[in-house]
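In my numbering, the protein residues as written are 35 to 172. The C-beta atom is built at its ideal place from N, Cα and C for all residues, glycine as well. Down below is the structure, laid out as structure tokens.
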């Protein structure tokens, strides 16, 4: 994702929160899913629109290999912020606990294998099919 921006995910043991930091150009999105495929996967999206006030963070649920459905029930798991760090670049920071007790939502389990999917669209800030712009980490 280096030509699009950056996406870093860390666990902060002091706050017991997952910290996600994404820097992406205006007019694009980056998303990540907690799972090994696009089937039954909770996803988050960082959407860099025309400026910080129009940019957004959203939660989705993917049931198959198609455009995921918006699912705002997961939003309460997250805190997030966005700012323009340089001309045309938005920086998002989002945090969440490992388990937020909503719809069996969990991001990762410590001491287990991590399944993670990232997807992006460099020319559209709205959730859309990403074509070949995806990576799966199992």
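Other residues of its chain near residue i: CB distance less than 6 Å, five sequence neighbours each side excluded
i, result
"residue 126", "56, 80 and 116"
"residue 69", "75 and 149"
"residue 53", "44, 46 and 129"
"residue 65", "77, 79 and 153"
"residue 48", "none"
"residue 168", "153"
Other residues of its chain near residue i: CB distance less than 7 Å, five sequence neighbours each side excluded
i, result
"residue 36", "Summary for residue 36: the model assigns pLDDT 45, below 50, so the residue's position carries little reliability, and this model does not support an answer."
"residue 194", "Since the displayed the chain opens at 35 and closes at 172, residue 194 lies outside it and no answer follows."
"residue 155", "62, 63, 162, 164 and 167"
From the options, residue whose alpha carbon lies closest to that of residue i
i, options, result
"residue 100", "62, 109, 163 and 51", "163"
"residue 122", "134, 98 and 89", "89"
"residue 112", "155, 168, 152 and 131", "131"
"residue 134", "155, 114, 107 and 118", "107"
"residue 118", "155, 51 and 87", "87"
"residue 110", "93, 104 and 103", "93"
"residue 39", "153, 165 and 166", "153"
"residue 51", "91, 114 and 41", "114"
"residue 98", "71, 166 and 147", "71"
Residue i and residue j closer than 7 Å at C-beta
i, j, result
"residue 77", "residue 62", "no"
"residue 173", "residue 124", "The question about residue 173 has no answer, for the chain in this structure spans 35 to 172."
"residue 151", "residue 67", "yes"
Give a yes or no on contact between the stretch 156-166 and the stretch 77-91, applying the rule of three or more CB pairs nearer than 8 Å.
Yes: at least three Cβ pairs fall under 8 Å.
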